[in-house]
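Report on one structure; see the data block that follows.
Numbering (the working numbering), first residue to last: 5 to 147.
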């Protein structure tokens, strides 16, 4: 059986570990909230980009055949912009948004996992602390 001093040291260490774990959870939760907000901003930006591309496509398709037949500049503009909104420009930017959102989601999952792990660790330490307190109470009764 441990001495009262040893039990007090164990108790203090457990209390400190619990306190540190709770502080870490607070930090992780703040990071999670901030990242969740940023994800919302990125999703809105992606939606705005997609809407802008679709709006541009509609405007470009709205050129009449007569306008295109009479104006070489209109044809060049329409071909170039259609190439952009249907081609590499949209693909690169759309892919960037998708990759960004995937990375954010992965980080959010990791943060949730870390919080769950710390919660589990706190529960274990609190049970150990209760056991140490029981041992201290028995030692005080015997002493």
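Every residue gets a Cβ at the ideal spot worked out from N, C-alpha and C, and that includes glycine.
In this structure residue 25 is in contact with residue 125, their Cβ atoms being roughly 6 Å apart against a cut-off of 8 Å.
Using a Cβ distance threshold of 8 Å, residue 139 and residue 11 count as a contacting pair. In the DSSP assignment, residue 55 falls within the unbroken alpha helix (DSSP H) covering 8-65. When Cβ pairs closer than 8 Å are counted between the two stretches, the segment 28-43 is seen to touch the segment 106-116, the count reaching three or more. Distances from the alpha-carbon of residue 104 to those of 48, 22, 63, 57 put 48 closest. Counting the other CB atoms within 10 Å of its CB gives residue 107 a total below 16, which places it among the exposed residues. Burial check for residue 136: the Cβ neighbour count within 10 Å reaches 16 or more, so the residue is buried. In the displayed model, residue 98 falls within a helix according to three-state DSSP.
Taking C-beta atoms as the reference points, residue 22 and residue 129 count as a pair closer than 8 Å.
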